[in-house]
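Numbering (the numbering used here), first residue to last: 535 to 1011.
Idealized CB from N, CA, C, for every residue including glycine.
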Amino acid sequence: MEHNTINRSVLETSTIEFKQHFRQYLKDLAQDSDPYRVELIEKLEWCFDRWEYWRQKFFPNADLVFPFFQSMKRGSEFGHYSTCGSSGQPSVIHIRRAYLMGESDITVWKLSPTKKLVLKKDHPERLRYVDQTILHELVHQFLHEGAEAKVRRGYASAESGRNNYKGHGPLFAAECNRINKILHPELGFDFVPVRHSKRSHAKVADKNRPSCAQFTHGELLFCWDPTSDDLTSEQIEENRQRLEQALAFYGGAVELVQEAEKVESTFEAPYASDCADVCIQQLKAFDEANGTALLDRFIQAALEHAGVSSIAPVNIPPASGENGNGRKVDAVPESGPTVPKADCPVQPGDTVTHPKWGTREVTHVFAGSEGGHPCLALKTDNGPQIVRFDSLAAPAEPTVPSTGDGEGLTTLAAAYPVRDPELSLRLLQRDLTAEKANGGTAQSFAARRFGHKNGQQLSRHVKRLKDELRAQTGIAA
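What follows is the structure, given as structure tokens:
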């Protein structure tokens, strides 16, 4: 059957006319007796309707072409825009088949290992969520086809090309925010801006905002990026209220599902008894080769997972092995002098003398079992080593003089290394918060931890960390 050639530009062809031609083409390939194929074609027609609605609302004068909508079973993305389809057709929007057809409940957002947002397959309002995906892809299409020539060139070369933003850079974020300033109030929501998809490239004020990569959904569900690890209690509460409002907006089509946490009862390879040693050695080697601090992060994450801070004594019994002279230590003996946790004379960042390794820096302090000796983690050439406190010589005095200029940053730099300013600033802020919660100040913290007469050296080190963070990322702390 022959079909008339039509101009696909929206300025010369109506949505209905284009759909009539396209539907007739599909009908030539499909049998009307196949209900699934007919339903799929109807859903694709609906996509055209929604695309045209959003185009007229936000891009009425843009010279766009009607896209080819396709719905394939493969792929993990809910939607995707391409300038060239698999058969060479220009301007293609792909909507994932199960997502469009409602073939199963679909997880649309993972909040935690046990908590997720699920789009219900049989809910009559589910297409409201899918509709917003079409708007997202339309913005990509506009920046490729309908924006000013300079913008199109910049978008094609930088955001979608060499910089690997996958189309979600500053140009895309700016267009999303233009739309949301209109759309959010119309939907009954306060306006929430989106940021560059790379947090390090976002404005300081927006670095914790939702990413523009989740445009139309992320900023409707949350005021702040839920994956950020430094949200304030106020921001977390704003997210809770925003999510509650969004779930009401979707009318039950999107549900918050809580699952019981799966607890492993058996551990097969590679969970060998020496897996921790292997991890430590590999991280140490990587850090030495690349100047990173992954091992420090690993230790800190392990402590945080146990629910303790790196400066607080922890009731973790030492491992078995060589008593006080090697990579492992015996269980704390019942006899011998005891050192209460609160009276441990050394803190992380101090230096101690070990009979085998000499002067070493303390990275963590642990308490033994009740009535036992504290244990220390020492930084050595072979990675962190756990030793009993009573196996050491007398602890060295703090190496930071009260005057503190130049060499006075030795112990501070060990506790909060400049090589990883983002982590160091976060740890320092946590430690200062703990100090203030106990009625202390930054000055008392500096005196207690480093033997300083005042907080001037601490202030200088904070400035040095912030300067290094700005030099590494271009972002002011």
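If you look at V886, you'll find it in the beta strand (DSSP E) that goes T885 to H888. Contact annotation: I627 and Y633 have beta-carbon atoms that are not nearer than 8 Å.
Annotation: the continuous alpha helix (DSSP H) that includes Y663 extends over L661 to E679.
Annotated three-state conformation of L912 is strand, per DSSP. For L754, the enclosing alpha helix (DSSP H) begins and ends at G752 to L755. The residues L817, K818 and D821, in chain order, have a CB closer than 6 Å to that of L829 in the same chain once the five nearest residues on each side in sequence are set aside.
Three or more Cβ pairs closer than 8 Å define a contact, and the stretch 754-766 falls short of that threshold against the stretch 612-627. Going by DSSP, V685 is part of the alpha helix (DSSP H) stretching over A683 to G688. Fewer than three pairs of CB atoms, one per stretch, sit closer than 8 Å, so the stretch 759-771 makes no contact with the stretch 711-728. The DSSP-derived three-state label of Q881 is coil. Cβ neighbours of K607 within its own chain (closer than 6 Å, five residues either side excluded): R631.
At the C-beta level, R686 and L677 come within 8 Å of one another. Secondary structure note for F706: it is in no beta strand (DSSP E), and the uninterrupted alpha helix (DSSP H) holding it is P704 to L721. Judged by DSSP secondary structure, T648 falls outside any alpha helix (DSSP H); it is assigned neither H nor E. In this structure, Y663 and V788 form a Cβ contact; the two beta carbons are roughly 6 Å apart against a cut-off of 8 Å. In the structure shown, L765 adopts coil according to DSSP, grouped into three states. Between the alpha carbons of P882 and E709 lies a distance of about 48 Å. Beta-bridge partners assigned by DSSP to T893: T887.
The beta-carbon distance between R960 and D764, rounded to whole angstroms, is 7 Å. This is short enough to meet the 8 Å contact definition. When Q623, I668 and D597 are compared, the shortest CA-CA separation from W588 is found for I668.
Look at Q792 here: in three-state DSSP terms it is strand.
If you look at Q990, you'll find it in the alpha helix (DSSP H) that goes Q990 to T1007.
In this structure, A794 is the residue among L992, A794, K684 and F592 with its C-alpha nearest to the C-alpha of S646. When DSSP states are grouped into helix, strand and coil, R729 belongs to the strand group. Looking at the DSSP output, Y784 shares a beta bridge with no other residue. Per the coordinates, the alpha-carbon of A971 lies some 20 Å from the alpha-carbon of Y950. Within the same chain, and ignoring the five residues on either side of R733 in sequence, the residues whose Cβ sits closer than 6 Å to its Cβ are K741. Residue state for W758 is assigned as coil, using DSSP reduced to three classes.
Excluding its 5 nearest sequence neighbours in each direction, K577 has C-beta neighbours in its own chain below 6 Å: L634, listed in chain order. S638 is classed as exposed because its beta carbon has fewer than 16 other beta carbons within 10 Å across all chains shown. Taking C-alpha positions only, E611 is separated from A747 by approximately 11 Å. Counting every other CB atom within 10 Å of its CB across the protein chains shown gives V812 a total below 16, marking it as exposed. Annotation: I713 to F706 spans about 11 Å, alpha carbon to alpha carbon. In this structure H674 is not in contact with G703, their Cβ atoms being roughly 12 Å apart against a cut-off of 8 Å.
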